[in-house]
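Heads up: the structure comes next, in structure tokens.
Number of protein chains: 2
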Amino acid sequence: MDRPRKPTLDTVAGAVGVSRATVSNAYNRPDQLSAALRERILETAASLGYAGPDPVARSLATRHSAAVGFMLGQGLSASFADAALSIVLDGLASTVDGHDHCLVLMPGKDKGGPRPETVARAQADVVVAYSLPDDAPALTAARTRGLPMVVIDQPVLPDTARVEVDDFGGARLAASSLWASGHRRFGVVTFALHPDGHNGPVTTARLASTSFRVTRDRLHGYLDVTGTDTPVWECARSSRELGRAGARALLSASPRPTALLCASDELAFGALQAVRDLGLRVPTDVSVIGFDDVPAAEHADPPLTTVRQPLAEKGRHAGELALRLLDGGRPGEPTRLPVSLVSRDSTAPPK
Amino acid sequence: MDRPRKPTLDTVAGAVGVSRATVSNAYNRPDQLSAALRERILETAASLGYAGPDPVARSLATRHSAAVGFMLGQGLSASFADAALSIVLDGLASTVDGHDHCLVLMPGKDKGGPRPETVARAQADVVVAYSLPDDAPALTAARTRGLPMVVIDQPVLPDTARVEVDDFGGARLAASSLWASGHRRFGVVTFALHPDGHNGPVTTARLASTSFRVTRDRLHGYLDVTGTDTPVWECARSSRELGRAGARALLSASPRPTALLCASDELAFGALQAVRDLGLRVPTDVSVIGFDDVPAAEHADPPLTTVRQPLAEKGRHAGELALRLLDGGRPGEPTRLPVSLVSRDSTAPPK
DNA sequence: AGTGTGAACTAGAGCGCTTCAGAACGTCCA
DNA sequence: TGGACGTTCTGAAGCGCTCTAGTTCACACT
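Laid out in structure tokens, this is it:
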């Protein structure tokens, strides 16, 4: 079972009869040696089964690992049940991969965000944080490691790059359009205010201490228009099923709301279903509005009125910021991406 | 701008007045030094802003990186549009994270799987491959690096751990139940046979050279029952929208199929929609059957008959295999997880 | 006093690579 | 003919850590 030791740079150098530095150059600086020699080295390497410089050793020597970490607020399946997150992540991944960087995923555990130990051991030299609670331990862990960081949709941290959208403004926009068309009785279906898995109506106290920036802003945007006494139903995750249950609960009040404001499209899809469940019609009986404008919004039944934010762009931009930080760039001003209201067929004036 | 150099083990050792080895032990082998000294070291470390041993250097010294790579056949958003994949990935991630390992994601590019360069540079010491074409370059790259590998739903490779489900048997099961209940005119909606983005009817030649094992097996399972002249529509990805379009195309044939066999639930959801689009009813006019049994299948309208495979289990098991390989374990026999037919309301005998 | 023992700590050799300051050897032009 | 210059290749010093094989020391036992 004495499997042969894996070949190293030295092995190859010895075999070809050149110095280790030259072999290294063959891989990293082709201009530093003659094409012929390089060819010879690469051939010998291949015949020895040498797959190129060891990434870890290289990282140690160069002091960067060509990897960006991604810290997530939730588990993977929960995260990706939400198309919006997938799209952002995809934008990030392709940007980063295009520059030969890997993506190190740190999914959230129970209490909002990855465990600090995970963060401490991750081989990444920049991290991107998304949908973490404002006080996530992972954030602290990344800081004490001195990792450059870019946050998406999160509160500013000193020395941190940031990309965000105007969640408050977007939500306000949506609510205003409904208000302007005559709606006066609203219900709000939101995703988590706190990372504790709560499902149900939201109390004022809970609202006041909201630990997710995005939730807070969207909620405040809605309530700013509809009034703070608007009933709010919290779902632990942004999922169709939970949205359906929440909407059903809100719609069973009397007088029944004439419009449902949802914190995400995913929740709105559930709301659409809930309206049908109760034998009512969208938008005749109830208007439903979403947030994100994921691709499915356009094909929903009926097509969903929603607040569009440039999701892929958000991921791509975060990726670029990360790469820039990696290059020693300064964080710079936060980038604010535009939102807009996309009117489709799930909203109409009340009867 | 001369930011102070980051503290290292040596810095801390110097400050406390002990050897580097002792500081290392303070972190990795608390039993090797007195509790008091350990405490003192940790305190000093904290006050110096030392966040613990550098992961890269540690990996070099220990020769393992505490990370498992995950090679994917497609881009992230495409992947996660498919709930099945998310669930598998989530199972994998939690297993792996529970053992203090990171997940390095290598999403696929255009031509089936991550780029070989990406794989060559990934800091992982075991990789899991999922839904790659059988001949993906990433597979070769991982091999030449000598990385232990576990493949999910892919053909056996020498010296590779493997978890799989009986796709052929599952598909056969589904088709047989329909056949037994009297159906004779079928249509099949499948996801990609080749990583070339093709959408449309499938030719015999294309079918014969299918490069994804899963596709091949499910297809063959269906066609084994329904006959090889059954029309098959290929969708480039497993998405609701593409499934809808494909189903619509198949249903416009005359005579119209009385049953649609879909390679995934996601495609089946699209098919459900397509039937409605045409003013027909499920299952009265058309039966629809899926594959995977994702959570949404139960809540579809109507609830979807489908082939269940233990998705989370699959991911978890792959994770465990990966961890075992990391520990120097042998690949062992492939694990075959069970499939079963879950009958719900989307299937019925033909009129 | 001599010996054995275990606990607490250290020295130093790597891990596999990059990189910088040269060395060696032309070539070219004055 | 000689020196300035370019190209090609080398030597050796790290990168920050782990780990084996010690050394030291206090204490107990005879």
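As you go down the protein sequences, you meet chains A and B in turn.
The numbering of the first sequence is my numbering, which starts it at 7 and goes up by one.
The numbering of the second sequence is my numbering, which starts it at 7 and goes up by one.
Cβ atoms here follow ideal geometry from the backbone N, Cα and C, with glycine treated the same way.
query	result
Residue closest to V281 of chain B, alpha-carbon to alpha-carbon, out of B:A126, B:T50, B:P261, B:R254	B:R254
C-alpha distance - A90 of chain A paired with A324 of chain B, whole-angstrom precision	27 Å
Cutoff 7 Å; reference D8 of chain A; Cβ partners in own chain excluding five residues on either side	Any reading at D8 of chain A needs caution, since the residue's pLDDT is 45, under 50, leaving its predicted position unreliable; the model's value is listed next. The answer is none, since no qualifying residue turns up.
Selection from A:R11, A:S258, A:F192 that minimises the alpha carbon distance to V238 of chain A	A:F192
Those residues which DSSP pairs with P207 of chain A across a bridge	A:W239
Sheet register partners of E170 of chain B (DSSP bridge)	B:R342
Distance CB(L267 of chain A)-CB(A177 of chain A) smaller than 9 Å	yes
Rounded separation between Q160 of chain A and V231 of chain A - CA only	23 Å
Neighbouring residues, chain A, relative to G368 of chain B (Cβ below 8 Å)	Residue 368 of chain B lies beyond the range of chain B shown here (7 to 357); nothing can be said about it.
Cut-off 6 Å between Cβ atoms - residues of its own chain near V171 of chain B, not counting five sequence neighbours on either side	Q315, L343, V345
Sheet register partners of S293 of chain A (DSSP bridge)	A:A265
Through-space distance from D291 of chain B to R262 of chain B, alpha-carbon basis	10 Å
For P61 of chain A and A128 of chain B, believed in contact at Cβ under 8 Å, the rounded distance	7 Å
Alpha helix (DSSP H) runs contained entirely in the stretch 26-69 of chain B, provided each spans 4 or more residues	26-34, 41-54, 61-68
P154 of chain B: contacting residues in chain A (beta-carbon distance under 9 Å)	Chain A residues near P154 of chain B: none, gap ~12 Å exceeds 9 Å.
Residues near W185 of chain B in its chain [Cβ-Cβ closer than 6 Å; skip 5 each side]	V231
Alpha carbon of A87 of chain B to alpha carbon of L273 of chain B, nearest angstrom	11 Å
Proximity of P201 of chain A and S215 of chain A at Cβ, strictly below 9 Å	no
Distance between D299 of chain B and E319 of chain B (C-alpha atoms, nearest Å)	13 Å
For G193 of chain A, three-class secondary structure by DSSP	strand
Selection from B:S25, B:T17, B:E240, B:G81 that minimises the alpha carbon distance to L199 of chain B	B:E240
Contact set between P129 of chain A and chain B, taken where Cβ atoms lie within less than 8 Å	Before going on, a small fix: residue 129 of chain A reads as Gln here, not Pro. P61, V62, S65, S71, A73, C108, Q129, listed in chain order.
Residues of its chain near Q38 of chain B, where Cβ-Cβ distance is below 7 Å and the 5 sequence neighbours each way are ignored	N31
Cross-chain neighbours of D298 of chain B in chain A, by beta carbon under 7 Å	Per Cβ cutoff of 7 Å: no residues; D298 of chain B is ~13 Å from chain A at best.
Closer than 9 Å to chain A by CB, R151 of chain B	yes
Counted within 10 angstroms of its Cβ, other Cβ atoms place D96 of chain A as buried (16 or more) or exposed	buried
Contact with chain B by P143 of chain A, beta-carbon distance below 9 Å	no
Residue(s) in a DSSP beta bridge with F76 of chain B	B:L111, B:V134
Any chain B beta carbon closer than 9 Å to M112 of chain A	yes
Amino acids of chain A, ordered along the chain, whose beta-carbon sits closer than 7 Å to that of E123 of chain B	D106
Three or more C-beta pairs below 8 Å linking the stretch 93-110 of chain A and the stretch 119-127 of chain A	no
The alpha helix (DSSP H) enclosing V94 of chain B, as first and last residue numbers	89-104
Residue-chain proximity (A167 of chain A, chain B), Cβ-Cβ < 9 Å	no
C-beta contact flag for L284 of chain B and S258 of chain B at 9 Å	yes
Cross-chain neighbours of E49 of chain B in chain A, by beta carbon under 9 Å	Within chain A, no residue comes near E49 of chain B; the closest Cβ sits about 14 Å away, beyond 9 Å.
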